[in-house]
Structures are given as structure tokens and as C-alpha cells.
Amino acid sequence: MNDLKATLARQFIEAIPHSRALAMSLVEIGDGEAEIEMPYDERFVGDLRTGVIHGGAVSALMDTCCGTAVMTHPSHPAGTATMDLRIEYMRAAKPGQAIRTRATCYHVTRNVAFVRAIAMDDDRDRPVATATGAFTVERARSDKT
Amino acid sequence: MSGPTRRGPPEAVEIVKGRRDRALRALAGDVPYIIYLGVTFDRRGDELTAVLPFHDKIVGNPILPAIHGGVTAAFLEISAVIELAWTVLWDDIESGAIDVADLEPGRLPDLPKTIDFTVDYLRSGLPRDAYARARVNRSGRRYASVHVEAWQDNRSRLFAQATGHFLMSEPRG
């Protein structure tokens, strides 16, 4: 793992007010890969009777993780924005447990990045949710000519 | 939507309004994440408009600034789920099948569960309030399909839309 890259990715996440609000933290980073964790928080519950985290908070975590994976791709995008994100909810995350997502940016063209992600709680064998997305790729000025 | 109607003379307007508003509050009023995001619902008859007030903690890109894509997804999903639950509940509220005394948070059927949700981001969410309206395209006994559109300044210029499939909750008891 490249220390500079990890620092930049950490700064990228921490500069996002909503990601900071949800206390997301970077666990691991690689080339076009990112792992981000979000601690359990009662404010983000979707159903008081069960205490399960709202799907929307999982969406925010997935989106942040996918965007980070795009930014760490070896083609060095200067920026990115979500174009399309599909999330499949397999099961409710266990109340009290952190949710961890791992995203892989598996292909990047000049303009588009393709990403897949998976979300888990402490039980790493049974995914909570999966996501697939297409992201825009902003190139630095020098790349465009 | 036309559901079963109550018998007898027409009810006073404040009774009808009170019952419907109470039902809406019971559905959406006690969900912590909805409260955290500050999402509220405007109601005109049976039509709901979800409102996401802009505030700093929903920002995803601080330079533009723009609303976080995840918040947009969450907002659309909240709108879709509440619209679906509201549509299913409407006839029971109007016919009196659900007692007004039961219209308390936590005493209603469970909210539908999201199976999948696909968000189409059309433009960046600007630093101002956002609105969303959902339409139930299919509502079966077990599954439902809902489409939702979100806009800011102009109703015809959507900044995001989404389609989702939902699993209906089992009747209680």
C-alpha cells in the first residue's frame, strides 16, 4: 500500500462533509480498490423496532467507497461524479455492528469508470448489500489535448 | 385513488385532515435517519412531495458545492418507500379499517423492504432544497415497483430519478 495514496484517499473522504457526518473511515486502499467502514449509529437507523441501519445510509457509504475506488485507479482521474448506482439489499445489517464496504474500479475509459462494491457487517461470508455503478471521469487539463 | 368510503354524513374537514396527517406522521415521523436528513413530506390529498432541506452535512463535493450522491440516493429511497407504504395504507385510513388510535409511530405494519434500487444521476444537486415525488407502478401482494423523480428549481429539470423493487411486509397478527 502506497502511503501517499492512502493519505490522499483519507483526505478525499474527510473533505466530504456527509462522509464525515457518517463517521466513515478508510480501512484499506489499493489500485482502483477502496475499503471503507461506517460505525453503527442510532441516528442512522431506518426502523426503530429492529434498530437496523437505513438503506439510505448504506447507499451513502457505497457511493463514497465507489468514488474513492475510482480516484485511486492508476489512470489518475482528476475528479469523479456518480452517473448511475444500483444497490441490491441482501439482508438487514446486524444492529450494533459497523458496516464495511469494499469497492473495485475494474475498468476506466477516457470518460467513464465502472465500479462494483460489496457491503458486509461482522459476518464477512454473507453480504449485506452489493452495488454496481458507472462514474464520470474528469481528466486533468493536460490529458485532454 | 378511490377507496371504500365511510357511511353517513360527510366528515368535518379538520377531522379528515387530522386523520391523514396523523397517518403520515406515523409512517415517517419516527424514522431516525429521515429525521437526521431533515426530510419532511408535503401532503395534498393523497399526493406526497418529499422535501430535503439543504444543509452543510449533506454536501458531497465541498468545492462546487453539491449534494452527496449517497444523500440523493437516500432521499429518493425514502420518498419511494413512504409513497409505497402510504398508497397501501390509504384505503384503510379512509375506510376506517385502521383505527385512528392505532395511528401512532411503531403501531403500523412494517415498512416495505428495499430489494434493489437504481439511481440515475442527471445533474449535480445544487446547494438548495430538493423535492421528490414517487409513483407506484406496480403493487402486488409480495412485490412492488416504484419510480421516483427529484428536482430542485424546475419541476421539469430533474437532477435525479430512480426505480426500485420492494418486498411488501407481511400483515401483522
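Note that the protein sequences, when read in sequence, are chains A and B.
The first sequence runs 1 to 145 under the working numbering.
The second sequence runs 1001 to 1173 under the working numbering.
The beta carbon of each residue, even a glycine, is placed where N, CA and C say it ideally should be.
According to DSSP, is residue i helix, strand or coil?
{"i": "B:D979", "result": "Nothing about residue 979 of chain B can be reported from this structure: the residues present for chain B run from 1001 to 1173 only."}
{"i": "B:Q1152", "result": "coil"}
{"i": "B:A1132", "result": "strand"}
{"i": "A:Q97", "result": "coil"}
{"i": "A:I167", "result": "Outside the displayed span of chain A (1 to 145) sits residue 167 of chain A, for which this structure offers no information."}
{"i": "B:S1139", "result": "strand"}
{"i": "B:R1157", "result": "coil"}
{"i": "B:V942", "result": "Given that chain B is displayed from residue 1001 to residue 1173, the structure contains no residue 942 of chain B and the question cannot be resolved."}
{"i": "A:L8", "result": "helix"}
{"i": "A:P17", "result": "helix"}
{"i": "B:I969", "result": "Since the displayed chain B opens at 1001 and closes at 1173, residue 969 of chain B lies outside it and no answer follows."}
{"i": "B:H1147", "result": "strand"}
{"i": "B:E1077", "result": "helix"}
{"i": "B:E1011", "result": "coil"}
{"i": "B:V1031", "result": "coil"}
{"i": "A:R124", "result": "coil"}
{"i": "A:T145", "result": "Since pLDDT at A:T145 reaches only 47, below the 50 mark, its modelled position is unreliable, and the value read off the structure follows with that caveat. DSSP places A:T145 in coil when its eight states are reduced to three."}
{"i": "B:L1103", "result": "coil"}
{"i": "B:L1089", "result": "helix"}
{"i": "B:L1024", "result": "helix"}
{"i": "B:L1126", "result": "coil"}
Per DSSP, residue i forms a beta bridge with which residues?
{"i": "A:V181", "result": "Residue 181 of chain A is absent from the structure shown; chain A starts at 1 and stops at 145."}
{"i": "B:I1067", "result": "B:V1059"}
{"i": "B:S1169", "result": "Its beta-bridge partners do not exist; DSSP assigns none."}
{"i": "B:A1050", "result": "B:F1041, B:A1132"}
{"i": "B:D1116", "result": "A:E88, B:H1165"}
{"i": "A:F104", "result": "According to the sequence provided, residue 104 of chain A is Thr. The question's Phe does not apply to it. A:E33, A:R116, per the DSSP bridge assignment."}
{"i": "A:A129", "result": "A:Y89, A:A119"}
{"i": "A:T82", "result": "A:F135"}
{"i": "B:Y1121", "result": "B:A1160"}
At a cut-off of 6 Å, would you count residue i as near the ligand SAM, judging by its Cβ distance to the nearest heavy atom?
{"i": "B:F1054", "result": "Although the ligand SAM was asked about, the structure shown includes no ligands whatsoever."}
For the segment 19-80 of chain A, list the alpha helix (DSSP H) runs that are entirely contained and at least 4 residues long, ordered along the chain. 55-71
- request: Indicate whether the contact test is met: 3 or more Cβ pairs, each with one atom in the segment 1068-1086 of chain B and one in the segment 1038-1057 of chain B, closer than 8 Å.
  value: Yes, the segment 1068-1086 of chain B is in contact with the segment 1038-1057 of chain B.
Q) Going along the segment 87-98 of chain A in order, which residues come within less than 9 Å of chain B, judged by CB to CB distance? A) I87, E88, Y89, A92
>> Please list, in chain order, the residues of the segment 98-122 of chain A that have any C-beta partner in chain B closer than 7 Å.
In response: none
- Item | Near-chain A residues of the segment 1023-1041 of chain B - C-beta to any C-beta below 9 Å | D1030, V1031, P1032, Y1033, I1034, I1035, Y1036, L1037
Under 8 Å: do the segment 75-85 of chain A and the segment 101-116 of chain A share three or more Cβ pairs, one atom per stretch?
Segments in contact, yes.
>> Contact between the segment 1086-1098 of chain B and the segment 65-72 of chain A is defined here as three or more beta-carbon pairs at a separation below 8 Å; is this criterion met?
In response: no
Would you say the segment 98-105 of chain A touches the segment 113-122 of chain A, given that touching needs at least three Cβ pairs under 8 Å?
Taking a cut-off of 8 Å on C-beta distances, the segment 98-105 of chain A touches the segment 113-122 of chain A, as three or more cross pairs fall below it.
Kindly confirm or deny that the segment 81-91 of chain A and the segment 1116-1134 of chain B touch, where touching means at least three C-beta pairs closer than 8 Å. Three or more Cβ pairs drawn from the segment 81-91 of chain A and the segment 1116-1134 of chain B lie within less than 8 Å of each other, which places the two stretches in contact.
message = Please list, in chain order, the residues of the segment 29-48 of chain A that have any C-beta partner in chain B closer than 8 Å.
response = If the cut-off is 8 Å between Cβ atoms, the segment 29-48 of chain A has E42, R43, F44, V45, G46, D47, L48 near chain B.
- request: Residues of the segment 1074-1088 of chain B with a CB closer than 8 Å to any CB of chain A: list them in chain order, please.
  value: A1074, F1075, E1077, I1078
* Positions along the segment 13-28 of chain A whose CB lies within less than 7 Å of some CB in chain B -> A15, I16, P17, H18, A21
- Message: So if I threshold CB-CB distances at 7 Å, which residues from the segment 1055-1071 of chain B count as touching chain A?
- Response: D1056, K1057, I1058, V1059, G1060, P1062, H1068, G1069, G1070, V1071
Item to check | Members of the segment 1106-1137 of chain B that neighbour chain A once the beta carbon cut-off is set at 8 Å | outcome: G1106, D1110, L1111, K1113, T1114, I1115, D1116, F1117, T1118, V1119, D1120, Y1121, S1124
Pairs of beta-carbons, one from the segment 9-21 of chain A and one from the segment 46-59 of chain A, closer than 8 Å: are there three or more? no
Using a Cβ cut-off of 7 Å, which residues of the segment 69-85 of chain A contact any Cβ in chain B, in chain order?
A81, T82, M83, D84, L85
| request: Using a Cβ-Cβ cut-off of less than 8 Å, list which residues of the segment 56-67 of chain A approach chain B; keep chain order. | output: G56, A57, S59, A60, L61, M62, D63, T64, G67
Are the segment 1091-1099 of chain B and the segment 1123-1132 of chain B touching by the rule of at least three beta carbon pairs closer than 8 Å? no
Quiz item: Taking contact to mean at least 3 C-beta pairs separated by less than 8 Å, is the segment 1134-1145 of chain B in contact with the segment 1160-1170 of chain B?
Solution: yes
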